[in-house]
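Numbering (my numbering), first residue to last: 11 to 439. Have a look at the structure below, then the notes.
Take a look at the structure:
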């Protein structure tokens, strides 16, 4: 679709994912064993035959930029199209750090105008769903809309966490409320917008002119100002969609992959999931291993027990070790006798012999960040080494890079935080 430009918003810090997004942008976080979260938006564009894509980055973009590369994995390295990573920079009057989602797009208006696109898709880079945007575009054109918002039904008691839209019988938006205390509609914004290009340019310029009167955000400012005077419609999406902005939602979305019939079919030939990287050797499951209801990625080696877990490439689970209800990312090593339960381990974590990770009182929230770590899930940062025999409770957060510093700890109680930036190593309880 050469007349459509897709812009993927991928600059968010993602503080609510704790240490998983401490050293990388949230869209670069691993998902489903071998993918990154941004792979969903990129794969959806590829399935939609959209060939012109811009990725707007800001927070710690290195991992994300390296992952995207030339866009070859998604078919974007063509003469007719292409992918471009757009980063903010200081030093010129017309550029600064992005102040909001709308401001991020506004600061790249030159890219939009040069595209000669008819419509512009604004996409969130941190949502989990597989679709083709062709149906949404067809709906947008059939309604002669100025902007179409992707909307998704949630239980009414959960809608207060989102931007909520009321729709009339034609699908036109009649009201928009950002996180209302008492929602009146189950339709929430997916953070997917299809704009006519000229309307988008007009609205972004008007929003920029408001300066301090606006937070420069599509959901808080642009759409609420438009629906009363412009043709704003809601495209009712009925497939699987998850905003994985919290530790619990990220963990639950990974667990959804293990359902007998997964609501997120990563092997759908019509909506092919793609990612970058070189081909890997097959996974190895040893003769005395037990693997039940698990997703095991290529190049993993399982000699112990893996139950209801998502295992990334290169993970080793030694004989006598057990992993339950957990998400284990690339090249982690689970030594013999260790138990890992209801935990998320970032890349290259070593769990020593006879360690116990993620057991204890699940009702004790993390003392330092009870707002984001309270679902009984323990999170271990990148390249942490846990010594033999260490006991780690639930809702524990261990920051990235901790190695020999944990040797003096025999027990980390539920709710504890180990912060490697504090020297000597500091334990928050």
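Glycine residues also receive a C-beta, built at the ideal position from the N, C-alpha and C atoms.
CA nearest to the CA of residue i, picked from the options
i, options, result
"residue 14", "351, 124, 311, 377", "124"
"residue 287", "80, 66, 212", "80"
"residue 402", "64, 137, 376", "376"
"residue 306", "74, 41, 11", "41"
"residue 293", "190, 416, 366, 341", "341"
"residue 153", "348, 204, 163", "204"
"residue 111", "11, 224, 88", "224"
"residue 134", "385, 218, 47", "47"
"residue 248", "16, 108, 432, 196", "196"
"residue 350", "356, 357, 336", "336"
"residue 160", "172, 82, 127", "172"
"residue 60", "16, 385, 82, 87", "16"
Beta-carbon spacing of residue i, residue j below 9 Å
i, j, result
"residue 169", "residue 198", "yes"
"residue 243", "residue 145", "no"
"residue 233", "residue 186", "yes"
"residue 62", "residue 21", "no"
"residue 257", "residue 382", "yes"
"residue 246", "residue 343", "no"
"residue 374", "residue 345", "no"
"residue 391", "residue 409", "yes"
"residue 324", "residue 310", "yes"
"residue 65", "residue 44", "no"
"residue 201", "residue 229", "yes"
"residue 30", "residue 354", "yes"
"residue 319", "residue 365", "no"
"residue 359", "residue 388", "no"
"residue 429", "residue 253", "no"
"residue 250", "residue 274", "yes"
"residue 362", "residue 395", "yes"
"residue 352", "residue 372", "yes"
"residue 50", "residue 139", "yes"
"residue 143", "residue 53", "no"
"residue 67", "residue 27", "no"
"residue 182", "residue 241", "yes"
"residue 166", "residue 193", "yes"
Residues that DSSP places opposite residue i in a beta bridge
i, result
"residue 28", "Beta-bridge pairing links residue 28 to no other residue."
"residue 188", "173"
"residue 440", "The requested residue 440 does not occur in the structure, where the chain is confined to residues 11 to 439."
N-terminal and C-terminal residue of the beta strand (DSSP E) that residue i is part of
i, result
"residue 392", "First-last for residue 392: undefined, no H or E at that position."
"residue 204", "197-206"
"residue 134", "129-134"
"residue 429", "427-429"
"residue 355", "353-355"
"residue 60", "No beta strand (DSSP E) holds residue 60; DSSP gives it neither H nor E."
"residue 231", "No beta strand (DSSP E) contains residue 231, which DSSP labels as neither H nor E."
"residue 387", "Counting along the chain, residue 387 falls outside any beta strand (DSSP E), and DSSP gives it neither H nor E."
Residue i: first and last residue of the uninterrupted alpha helix (DSSP H) it sits in
i, result
"residue 334", "Unbroken run through residue 334 is the beta strand (DSSP E), 332-334; no alpha helix (DSSP H)."
"residue 258", "257-266"
"residue 123", "119-125"
"residue 74", "72-78"
"residue 19", "Note, residue 19: premise wrong, no alpha helix (DSSP H); beta strand (DSSP E) at 14-19."
"residue 150", "144-152"
"residue 115", "111-116"
Check: residue i C-beta below 8 Å from any heavy atom of the ligand ZN
i, result
"residue 382", "The ligand ZN is absent from the structure shown, which contains no ligands of any kind."
Stretch pair the region 308-318 + the region 329-339: three plus CB contacts closer than 8 Å: yes
The region 268-286 in contact with the region 294-302 per 3-pair CB rule at 8 Å: no
Cβ contact (3+ pairs, closer than 8 Å) linking the region 30-45 and the region 72-86: yes
Stretch pair the region 136-155 + the region 111-125: three plus CB contacts closer than 8 Å: no
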